[in-house]
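Down below is the structure, laid out as structure tokens.
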Amino acid sequence: MRDTFPETGDRTGIARVPGHMTPASREPTRRIAVVGVGNPERGDDAAGCLVVRRLRSELPPGIAVLQQSADVAELIQTLAGHHAVFIIDAVQTGTAQPGHVHRIDAQAGPLPAGCSDVSTHGFGVREAIELARTLGRLPPTVVIFGIEVAEFTLGRPPTNAVAAGMERVIDALRAEVGTVARPRPPCPEPSR
Amino acid sequence: MSTPRTETPGNGSTRRIAVDYLARVEGEGAMYIKILGDHIEHLELKIFEPPRFFEAFLRGRHMGEAVDITARICGICPVAYQMSSAHAMEMACGVRVNGPIRDLRRLIYCGEWIESHGLHTFMLHLPDFLGYPSAIDMAKDYPNEVNMALRLKKIGNSVVNLIGGREIHPINLRVGGFYRVPTKRELRSLVDDLQWARDAAVQSVRFFQALEFPEIELAYEVVALRHPEEYPFNEGRLISNKGLDIDIREFNDHFVEQHVERSNALHCVHRRRGAYHVGPLARYNLNHEQLLPTARETARDAGLGDGVWNPYRSLLVRGVEMVHACEEALRIIGEYEMPDAPALDVHPQAGVGHGCTEAPRGILYHRYRLDEQGVIREAQIVPPTSQNQRQIEDDLRVFVEHNLALSDEQLQWQCEQMIRNYDPCISCATHFLKLEIERE
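For the protein sequence lines, the chains are E and H, in the order given. In this note's numbering, each residue carries its 1-based index in the first sequence increased by 7. In this note's numbering, each residue carries its 1-based index in the second sequence increased by 612.
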């Protein structure tokens, strides 16, 4: 699966897999995506990216593990191309302590303002999800794990509280992704 | 439009409207307008986003690092930052990049224009014209247009991704060229999408053309690059409609950055004439005859003529520039031959280098002084929104003076629309726009 951000600063990725960026291969073919959003170089905002980096090696093959910026076109394509999408993002609601994990089921209804990090030009995860909902492109399962954040200093790692929140999200994702990915048990034979 | 908060004091003589968050611009700032009777007592654009110190970060870093560090200034126009810094370093070291590497630089810039203009025209600016508070609300009634915009943006992203290694903050650009260049086959993979995008951009302009534009024409000094053979992206002389015609090395002789107390961003003005206007309108007015045939024809059909002085019609110009960018991208791909090496060798030498390229929202000027080891000793970055800031205030002053009869709500809406004519990127300039109108 293509990774939008192979690793920060890893230019060898460009030469190593020629053709890996062709549009044809960029079409999502997997039905489950785990998407980390944020800027990996801005303190707590790195939380989403760091969670998916940790999970990449342990989630079953066939699950798309992506790092994305909050680019509306990319996010909507990811949403429209999968049946279940889990998004991990830094959020700042101001109503919880840093590191607190907000679990939001996007299918339950419109996302509240402030439940997602507002990014470039006011288009963030929330806007992408609401736009996808309006356009009928929202998949059956969309879960956002929003980690309450506080510090965005350039070049700094996430704070301890946010790192602890990331661990809780990783545990939750292991459980939830497994549940969604597991094949449904065969239907019982109808009783005679 | 943001939801206004109206406060009416007990005596009813003063009205104050405060908007806590102006949507659909990037960055944090505030607009304050105080109206006394029938004239404007005070109008200012305040930018309170903290200074970002990129120029200071760059001092002491090696010239090769500037391309990656400056890309981090903006998630919408990182290529512009990378291009201006690379060109400046190359000038300082006496290297000139030509041939396929230069073409690939133009190609990645095409991608950035398509994605930036695609997002701004449809998702940020169009809701103003159609009377929706946001693109999400607009999408209920205009799903085809919004889907088209998303696909346009995605195609722009694909171009940047293929050449730059990823769509945000590309990692494949360097002083002298690239780390890896694409094969002809890889570039050809973009052709079908770009042909679709070119046709979609033409349709967009036809759609925009039918909109109602507020009637206003302003006598701007427009400043853009001018290249003898090309609609400008990466290089050229700096010219204006008021006689400016200079080498980019002379930028500081003619323009000056001024600190204003209310803003954490510097205002850049012409030393003698003050405010000036950069961006699509400036590029079109000074270079429209250099648009490629389909873009030129689209502009003619849209009635743009030899000059566009109504800032709201920048929507149409951005559409025409999307057509041009797709056409230029297809031209480059059609003629591309892989270079022998992905980059020229650039050996550090002491000197000063200047770079000025056309970001989607206007000229982006960089200047660096290097020591003999190629270490950056001075850095200066003048983003387009710093240059447009004074002009935005002037536009608002004219608009408000002529429209005092409008209700506060209507006035606020149209002021926001006026600001979005510039597709401002306030965080580039140093973010949030808070709008206050006070009447007595």
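In this text, a Cβ means the ideal position worked out from N, Cα and C, and glycines have one as well. Note that the structure is predicted; figures quoted are calculated from it, not measured.
In this structure, residue 103 of chain E keeps its C-beta atom at 8 Å or more from the C-beta atom of residue 174 of chain E.
No residue range can be given for residue 686 of chain H, since it is assigned to no beta strand (DSSP E) and is classified by DSSP as neither H nor E. The bridge partners DSSP lists for residue 918 of chain H come to none.
CA-CA distance, residue 688 of chain H to residue 780 of chain H, rounds to 7 Å. The Cβ-Cβ distance between residue 732 of chain H and residue 983 of chain H does not fall below 8 Å. When CB distances to chain E are screened at a threshold of 7 Å, not a single residue of the stretch 963-982 of chain H falls below it. Listed along chain H are 748, each with a C-beta nearer than 8 Å to that of residue 137 of chain E.
Cα atoms of residue 665 of chain H and residue 161 of chain E: separation of roughly 11 Å, rounded to the nearest angstrom. A straight line joining the alpha-carbon of residue 909 of chain H with that of residue 178 of chain E spans about 58 Å.
Pairwise C-beta distances place the stretch 789-803 of chain H out of contact with the stretch 859-873 of chain H, as fewer than three of them are shorter than 8 Å.
Legend: CB atoms of the stretch 777-793 of chain H lying less than 7 Å from CB atoms of chain E belong to residues 777, 778, 779, 780, 783, 784, 791, 792.
686, 687, 688: these are the residues of the stretch 686-709 of chain H whose beta carbon lies less than 9 Å from some beta carbon of chain E, given in chain order. Taken atom to atom, the span from the alpha-carbon of residue 751 of chain H to that of residue 705 of chain H is near 50 Å.
Closer than 9 Å at the C-beta level to chain H, one finds these residues of the stretch 73-85 of chain E: 75, 76, 77, 78, 79, 80, 81, 83, 84. In the DSSP assignment, residue 155 of chain E falls within the unbroken beta strand (DSSP E) covering 148-155.
Contact of residue 158 of chain E with chain H is not assigned, every C-beta pair being separated by 8 Å or more. Taking the Cα positions, residue 880 of chain H is about 14 Å away from residue 657 of chain H.
Under a criterion of Cβ atoms nearer than 7 Å, the residues of chain H adjacent to residue 141 of chain E are, in order, 748, 751, 752. Shown here, residue 669 of chain H sits in a helix according to DSSP, grouped into three states. Less than 8 Å divides the Cβ of residue 858 of chain H from the Cβ of residue 866 of chain H. The three-state reading of DSSP puts residue 656 of chain H in strand, counting E and B together. Note: residue 977 of chain H is bridge-paired with H:968, H:994 in the DSSP secondary-structure output. With 16 or more neighbouring CB atoms inside 10 Å of its own CB, residue 777 of chain H falls in the buried class.
Look at residue 1000 of chain H: its C-beta is not under 8 Å from any C-beta on chain E. For residue 93 of chain E, the three-state secondary structure derived from DSSP is strand. Between residue 695 of chain H and residue 846 of chain H, the CB-CB gap stays under 8 Å.
Between residue 907 of chain H and residue 928 of chain H, the C-beta gap is not smaller than 8 Å, which leaves the two residues out of contact.
Closer than 8 Å to the CB of residue 65 of chain E there is not a single CB belonging to chain H.
A Cβ-Cβ contact shorter than 8 Å links residue 96 of chain E with residue 44 of chain E. With a contact defined as Cβ atoms closer than 8 Å, residue 921 of chain H and residue 829 of chain H qualify at about 4 Å. Per DSSP, residue 753 of chain H is one residue of the alpha helix (DSSP H) stretching across 747-753. Here residue 970 of chain H is not near residue 980 of chain H, since their CB atoms are 8 Å or more apart. The beta carbon of residue 755 of chain H falls within 8 Å of a beta carbon belonging to chain E, placing the residue at that interface. One alpha carbon belongs to residue 693 of chain H, the other to residue 722 of chain H, and they sit about 14 Å apart.
Under the 8 Å criterion on CB atoms, residue 1033 of chain H is classed as non-interfacial with respect to chain E. Taking 8 Å as the cut-off, the beta carbon of residue 895 of chain H is found no closer than this to the beta carbon of residue 840 of chain H.
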